[in-house]
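To start, the structure under review is shown below, and the notes come after it.
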Amino acid sequence: MTTAKKTQKKATFKPFWFALSFVALIIILLLPSSDSLPVMAKCALAILAFAVILWVTEAVSYPVSATMIVVLMILLLGFSPVQNLTESLGNPKIGKDVLSGSDMLGTANALKLAFSGFATSAVALVAAALFLATAMQVTQLHKRLALWVLSLVGNKTKRIVIGVILVSIILAFFVPSATARAGAVVPILLGMVAAFGASKQSKLAALLVITAVQAVSIWNIGIKTAAAQNIVAVNFINGQLGHDVSWGEWFLYAAPWSIIMSIVLYFIMLKVIPPEQTEIEGGKELVQKQLKSLGPVSGKEWRLIIISLALLLLWSTEKVLHPIDSASITLLALAIMLTPKIGVMSWKEAESKIPWGTIIVFGVGIALGNVLLQTHAAQWLSDKTFGLIGLQHMPIIATIALISLFNILIHLGFASATSLASALIPVFISLTMTLDLGEMAIGFVLIQQFVISFGFLLPVSSPQGMLAYGTETFTVKDFLKAGIPITVIGYILVIILSMTYWQWLGLL
């Protein structure tokens, strides 16, 4: 076996953590059951512990862990005594006529629960969004957009930083994948740094690349379709709290936070990583040269521009001008993109570039959340963790402040905000029931979802962070220097908006 293969094996399999995940699973399964924690709920918590250890440590790849989680749900829940399951919108109905207190759930019924995540519109939306991101890569439209914006900003370093932030904002509207957005911008920036004669280890390189990835993360929060974890939250909110948060509603709530944080990001980055020079000779010409090398806008690009603008218009007017939900709109766009002659790519072009494992992980994550909610395991976990703090006696703002802080700290261990949302959003929904938040429940869960996307502190806290870290243009210390003030100010802004803007809108 070659050294490269050995390294790859180590990267995708960590025996110690893999074994520890099974130890945690078995320990929880051996705990005594009770009226408040029936066998099925206990099994759900055991599977959650197993999943969290695999997700945090990346002991195996995410798609592999998802497959294992499905099998555990089928076996452990299938051979558990039946309890009264809470039904939620979009979840399969377990036949009550065959279920009595002494019956086992059965693997057939457990399989329905294990695959319940794939029966949601959220999976359809994420899958279609991945195709849209792939269409951008096939046509290189996202690269053209990035180069076009950078060509307008000039040679001054400060203006280039503004350009990098603007590129991340514009792409967030049209490219529903944080990794794809970072993948479009970072190579361009590296090319600029090299052409300017600066080294990859220069402050200029660190400034531009970290700015790009932090701006991508900031706009994961501002736009509903910018990140998969947002769709996880919307799915649970719709299923459990009975409200489908539209694209426009999400933008109204979250975009002001992202706009303010984009301005804050500009000043923080120039303060903590000041560049060696204030002006880069030939920078604008270099970008224009790269833009010219792409050639004129092709017919496929024009068609994708039209489809993307129409999609954005339909997303933003959902529930205002039409009743079509975001998932259905995106699937319609996908059908047009794949149609011969009028589309922008063939199935073969898309097939090799789609991260199919992401769809599997997404569906399984939602299914695990459904199981936690339906078996009341999420409610038990919420009562035993947050119940001890005495949150029910605190004002809503204090509760938001404490839970948001918990949220930020726990994210340090997760490389995937989608996995974090799958694990925590069901718990937060159960917490709203414990606290009897009533109409404020939706607002509380939405705000916590915004905080779940706080991947600003470490490169390993997000896929786009790891992509940027792989360029070797900055150290973890550099990332932290920028990430700490961004996180602190972002946290304070969440509290301020909770006390003002979100209350004025009736979210709280």
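Heads up: the sequence shown begins at 71 in the numbering used here, then just goes up one per residue. Where a beta carbon is used, it is the ideal one built from N, C-alpha and C, also for glycine.
Sorting Q153, M262, T190 by C-alpha distance to the C-alpha of T543 places M262 at the top. In this chain, M464 is not harboured by any alpha helix (DSSP H), its DSSP state being neither H nor E. Non-local C-beta neighbours of I394 in its own chain, meaning closer than 6 Å and more than five positions away in sequence, are absent.
When rounded, the separation of the alpha-carbon atoms in N305 and G508 is 19 Å. Inter-residue distance for A197 and I467 is about 36 Å (C-alpha atoms, whole angstroms).
In this structure, A180 sits near L147, with a CB-CB distance shorter than 8 Å. The alpha-carbon separation between I144 and R373 amounts to approximately 45 Å. Residue burial is scored here from C-beta neighbours: K182 has at least 16 other C-beta atoms within 10 angstroms and is therefore classed as buried. Beta-bridge partners of M174 (DSSP): P151.
According to the DSSP assignment, M510 belongs to no alpha helix (DSSP H), since it is labelled neither H nor E.
Comparing alpha-carbon positions, the option among L482, T502, P496, K551 lying closest to S523 turns out to be L482.
In this structure, the alpha-carbon of I96 lies about 7 Å from that of A116.
Boundaries of the alpha helix (DSSP H) harbouring G439: 426-444, taken from the DSSP string.
DSSP, reduced to helix, strand and coil, places H392 within a strand of the structure shown. The beta carbons of G318 and E388 sit closer together than 8 Å. Out of P246, G233, F244, G267, the CA that lies nearest to the CA of V256 is found in G233. DSSP places E349 within a strand segment (E or B) once states are collapsed to three. If you draw a 10 Å sphere on the C-beta of W417, you find fewer than 16 other C-beta atoms in it, and that means exposed. Within 10 angstroms of the beta-carbon of P246 lie 16 or more other beta-carbons, which makes it buried. When rounded, the separation of the alpha-carbon atoms in V302 and Q347 is 43 Å. Annotated as distal: A203 and A447, with beta-carbon spacing of 8 Å or more. Looking only at L438, G460, T545, M569, the smallest Cα-Cα distance to L118 is reached by L438. The straight-line gap separating the alpha-carbon atoms of L311 and I512 is approximately 7 Å.
The beta carbon of L501 sits closer than 6 Å to the beta carbons of S452, F456 from its chain, once the five residues preceding and following it are set aside; these are given in chain order. I338 is not a Cβ neighbour of A487, given a cutoff of 8 Å. For the 8 Å CB-CB criterion, L527 and I554 form a contact. Sixteen is the threshold: when 16 or more other Cβ atoms of the shown chains lie within 10 Å of the Cβ of V497, as they do, the residue is buried.
For F92, the enclosing alpha helix (DSSP H) covers residues 85-100.
Comparing alpha-carbon positions, the option among S422, Q284, A403 lying closest to V414 turns out to be A403. Under the 10 Å beta carbon count, D548 is surrounded by 16 or more other beta carbons and is classified as buried. The beta-carbon separation of A199 and T400, rounded to 6 Å, stays under the 8 Å limit for a contact. Within the same chain, and ignoring the five residues on either side of I240 in sequence, the residues whose Cβ sits closer than 7 Å to its Cβ are L215, V219. If you compare the alpha carbons of G187, Y323, T281, F432 with that of A252, the shortest gap goes to T281.
If you draw a straight line from the Cα of A242 to the Cα of L382, it is about 11 Å long. Listed in chain order, the alpha helix (DSSP H) runs fully inside the stretch 529-571 are 533-539, 546-569, counting runs of at least 4 residues.
Spatial neighbours of L260 in its own chain (CB-CB distance under 8 Å, excluding positions within 5 residues in sequence) are listed in chain order as K270, A275, V279, T541, T543.
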